[in-house]
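Scroll down for the structure; my scribbles are underneath it.
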Amino acid sequence: MDQNPRKRMLITGVSGLLGSNVAYCLRDKYEILGVYHAHTIEMEGIRTICTDLTSSDEVASLLKDFKPDVIVHCAAQADVDKCEEYPEAAERINVLGTQNIVKNLNGSAAKLLHISTDLVYSGQKDRCSEDDPVGPLNHYGRTKCRAEQVALERKGVIVLRTNFFGWNIQNKYSLGEWVIHELTHKKEVQGFTDCHFSSIYTFELAGLLDLAIQKNLTGVYNFASSTSMSKYDFVSTVASRLSLDHHMIKPVSIDQFGFKAQRSKSLSLDTQKLSRDLAVDIPTISYSIGRFVEDFQNDLPAKIRSEIKQKNIYPALLDKIPYGRQSIDEDDIAAVVDVLKSESITQGPKIREFEDALLRVTGASHCVAVNSGTSALHIACLAAGVTAGDEVITSPNTFVASANCAVYCGGRPIFADIDPRTYNVSPMEIEKKINARTKAIIPVHFAGQSCDMEAIQEIVRAKEKEYGHKIYVIEDACHAIGSEYKGDKVGACRHSDMAAMSFHPVKHITTGEGGCVFTGDKALERKLRYFRSHGISSDLAEFKNQSNAFDASGPVGLEPIQNPWYYEQHFLGYNYRITEIQCALGISQLRKLDIFCRRRREIVDRYNQAFQSVAWLTTPYEEPFCRTNFHLYVLQFDFNRIGKNRAQAMLELRQKKIQTQVHYIPVHTHPFYRETFGTKAGDCPVAERYYQQCMSIPLYPVMDDTDVERVIDGVLALAG
Ligand SMILES: Cc1ncc(COP(=O)(O)O)c(C=O)c1O
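Residue 132 in numbering that gives the first Met the number 0 sits at position 133 of the sequence shown, with consecutive numbering throughout.
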């Protein structure tokens, strides 16, 4: 056994500048677990994990599993102007994130080091000391002040007020890196002459932070260089140490800059308290710059980048660009492997854990996970009581499963035409199709964009009154995890009885095959659980033959005990159970949902920019009250104008190794529906016209920018 085990250090914000640099410096000394959220990273010698710090449950399980001795809480929204622009997001990340850590540390002896900022000071004084009152001038500073207050509720905490420069592992530059980059590329650099600070090199800061842990400091400290200089002098010092061209540095005033957030000009920090309590000399800013430059000359930034990188994504990226694909990383693989090594690979605890995680993401109150989106829709129809003679209204612009689920129950699917702008089923068309036989409506959130659920709900309520019976609304949300409708997450079921999702590999998150049903209704949840597993119950309270649950054999007079083997079948259900293996993958994937959505939107913004003004293309329309996850990017083509048909266009792109797809062949035109239900071309003219012109182009989170440009060039060349 290791006689002297290393202390366990949890670093939040490990993909950020300070988090990554501290992890890099201290990884031999501590056993480090790094937490990231938006930027997946991997670093030799440490473990990393994706966690949403704004979720108390995720933080609780992180702390419970890792049991840190020390926490260095770096994670924050530190972009000062972004905080001004998105104050609520800043509050959540900076304050709620800290609250979740402090709250969930209750009962643990872990030492918390809370990274704060020099921007909590107003800069009224020449040199700010820890005793000076705080007075932030911008929202970032205010959120950090509040976060300090939260952190200080924890006994033994160290609050580090700091400003630093070092080596970014993401594609951005801290001040020192930016100067080197710009001047070596012969670009002009502007330096503020009227803005003073005591910035410190991250590698110096990491050493001081480690010492502070050894000496068990407690309270608020300025962790900065012992001297200060203007930003102009900082730039000049870096340049002269590297013999870079001074003429390219222009002195300017910070007032000339149109920053969104106000900034103080004097942020020189007094480090006497730190020096005294650590019993060391704190390095000056010139010394700090010297070490930074020396490390640059010794190629440290390249070394860091070679040891810290984005996590591998599987399958490896190929030359071919598919229209959609899964994004699996090492965390996903590890989660699945853990289950394979565990006691249960199906019907174990991961199922509830996955369902709970899905509830947190959507805000719904009940969730039943199953083995596909199709089974989700089927049990939703069963729970709604769809049966022979019932009609179920859905969209023609969907995958066949949205209609098949009604047929499985003996129901008749009725197709209501779509809205020409959103390609979603039109509420007005639904209204026209409702009659006394209508049992359920299945609106499909095509490509991820929610249907107008409030409008549909209003229509359904009025029709329920008219016909005197309940009409269920079941959202086919198979495309829509992560999307929003009027401020709610899709799946919250505010305007529906149930919502079904799919976790097929082309969807936002995957479990291989998989799905779930959300509902706000406890009674429906109970039915869904029955139908998921053969219609069987093992719950004593639900047994119809209670006496059979107790053993009648053996001598008379014994205390009756419940038969451990006993269960009852109450309905005709199915085996639609999802496995532990799938749920472990789902839990891990769900942690990256925000990352996946964000990257998809970035790609969509670029596509829109490239295609918006092209006369023969129509780009997707997003309703103002929706925020779609962009499961698909569908373009409508005026094929006449480019003088070729769709098959030619698809083949031309395929030759360039770009795969496209068509979503969807109108369901009512399939032979099965024509032959079984007498549907025909012309039933839904808008969906049929749309079908003639639509084509989905590649969209998935791990597309890189060159893939995106290749697709754009390929599409535009179709007119050539
Ligand atoms: C709109 C829609 N509904 C239902 C399904 C069925 O989901 P699954 O493939 O998970 O059974 C899909 C699958 O692609 C779909 O796109």
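C-beta atoms are modelled at their ideal positions from N, C-alpha and C, and glycine is treated no differently. What you are looking at is a predicted structure, and each value in this text was computed from that prediction instead of being measured.
Discussion item. Could you pull the DSSP bridge partners for V34 from this structure?
Written reply: T11, I48
Worksheet entry | Of the residues V178, R275, E30, the one placed nearest S235, counting alpha carbons only | V178
Worksheet item: Along the chain, which unbroken stretches of the beta strand (DSSP E) at least 3 residues long are found entirely within the region 458–519?
Response: 471–475, 497–501, 514–518
Worksheet item: Which runs of the alpha helix (DSSP H), 4 residues or longer, sit entirely within the region 374–407?
Response: Annotation: the region 374–407 contains the following complete segments of the alpha helix (DSSP H) (minimum length 4 residues), in chain order: 400–407.
Fill in: Rounded straight-line distance, which links the Cα of V335 to that of R153
V335 has its alpha-carbon roughly 36 Å from the corresponding atom of R153.
Worksheet item: In its own chain, which residues sit with a C-beta less than 7 Å from the C-beta of A400, not counting the 5 before and 5 after it?
Response: Shown here for A400: same chain residues with a beta carbon closer than 7 Å to its own, the five before and five after excluded, namely G372, T373, L376 in chain order.
Worksheet entry | Counterpart residues of N114 in DSSP-defined beta bridges | As written in the sequence, residue 114 is Ile, which differs from the Asn given in the question. L159, per the DSSP bridge assignment.
Worksheet item: If you draw a straight line from the alpha carbon of D318 to that of A333, how long is it in whole angstroms?
Response: 27 Å
Worksheet item: Do E30 and M8 have their CB atoms nearer than 8 Å?
Response: yes
Worksheet item: Is F291 close to chain D, meaning its C-beta is less than 8 Å from at least one C-beta of that chain?
Response: This model lacks chain D altogether, as it is built from one protein chain only.
Discussion item. For A75 and N93, which I take to be in contact (beta-carbon distance under 8 Å), what is that distance rounded to the nearest angstrom?
Written reply: 5 Å
Discussion item. Would you say the beta carbon of L376 is closer than 7 Å to some non-hydrogen atom of ligand 1?
Written reply: yes
Practice prompt. Please list, in chain order, all residues of the same chain as I458 whose beta carbon is under 8 Å from its beta carbon, the five residues on each side excluded.
Written response: P426, I429, E430, I433
Item to complete: Could you tell me the boundaries of the alpha helix (DSSP H) in which H180 lies?
Response: 174–183
Worksheet item: Helix, strand or coil for H365 per DSSP?
Response: Here H365 sits in strand by DSSP.
Discussion item. Measuring only from the beta carbon, is A74 closer than 7 Å to any heavy atom that is part of ligand 1?
Written reply: no
Worksheet item: When you compare only the Cα positions, how much space is there between S115 and N162?
Response: S115 and N162 have their alpha carbons spaced roughly 9 Å apart.
Worksheet entry | Where T437 falls: helix, strand or coil (DSSP) | strand
Discussion item. Restricting to runs no shorter than 4 residues, where is the alpha helix (DSSP H) found entirely within the region 216–242?
Written reply: 230–240
Practice prompt. Could you check the C-alpha separation between R160 and R605 for me, to the nearest Å?
Written response: 39 Å
Discussion item. Out of R46, Y690, Y573, which one is the CA nearest neighbour of Q309?
Written reply: R46
Fill in: S401: CB within 7 Å of a non-hydrogen atom of ligand 1
yes
Worksheet item: Leaving out the 5 sequence neighbours to the left and right, which residues in its chain are closer than 6 Å to M0 when beta-carbon positions are compared?
Response: Annotation note: pLDDT 48 at M0 (below 50); position unreliable, no value reported.
Discussion item. Bridge partners for G667 per DSSP, in chain order?
Written reply: The question names Gly, yet the displayed sequence has His at residue 667. Answer is none; H667 lacks a bridge partner.
Worksheet item: Under 8 Å, do T678 and F398 count as touching if we go by C-beta distance?
Response: no
Discussion item. To the nearest angstrom, how far is the alpha carbon of V707 from that of I602?
Written reply: 7 Å
Item to complete: Take the Cβ of H246 as the centre, count every other Cβ of all protein chains shown within 10 Å, and call the residue buried at 16 or more, exposed below.
Response: exposed
Item to complete: Flag E474 as yes when its Cβ comes closer than 7 Å to any non-hydrogen atom of ligand 1, and as no otherwise.
Response: no
Worksheet item: Within 7 Å: the Cβ of H720 and any heavy atom of ligand 1?
Response: For the chain, the structure presents residues 0 to 719; residue 720 sits outside this window and is missing.
Worksheet item: Under three-state DSSP, which class holds D328?
Response: strand
Worksheet item: Residues in its own chain within less than 7 Å of K591 by CB, not counting five upstream and five downstream?
Response: C49
Item to complete: Spatial neighbours of V443 within its chain, please: CB distance less than 6 Å, with the 5 preceding and 5 following residues excluded, ordered by chain position.
Response: S394, T397, S401, D475
Fill in: Nearest candidate by alpha-carbon position, reference I157, set Y484, V489, K110
It is K110.
Worksheet item: Which residues bound the beta strand (DSSP E) around C693?
Response: 693–696
Practice prompt. Give the single residue among I212, F164, T361 whose Cα lies nearest to the Cα of V292.
Written response: F164
Worksheet item: Can you list, in chain order, the residues of its chain whose CB lies under 7 Å from that of E90, leaving out five sequence neighbours each side?
Response: Cβ within range, chain order: T142.
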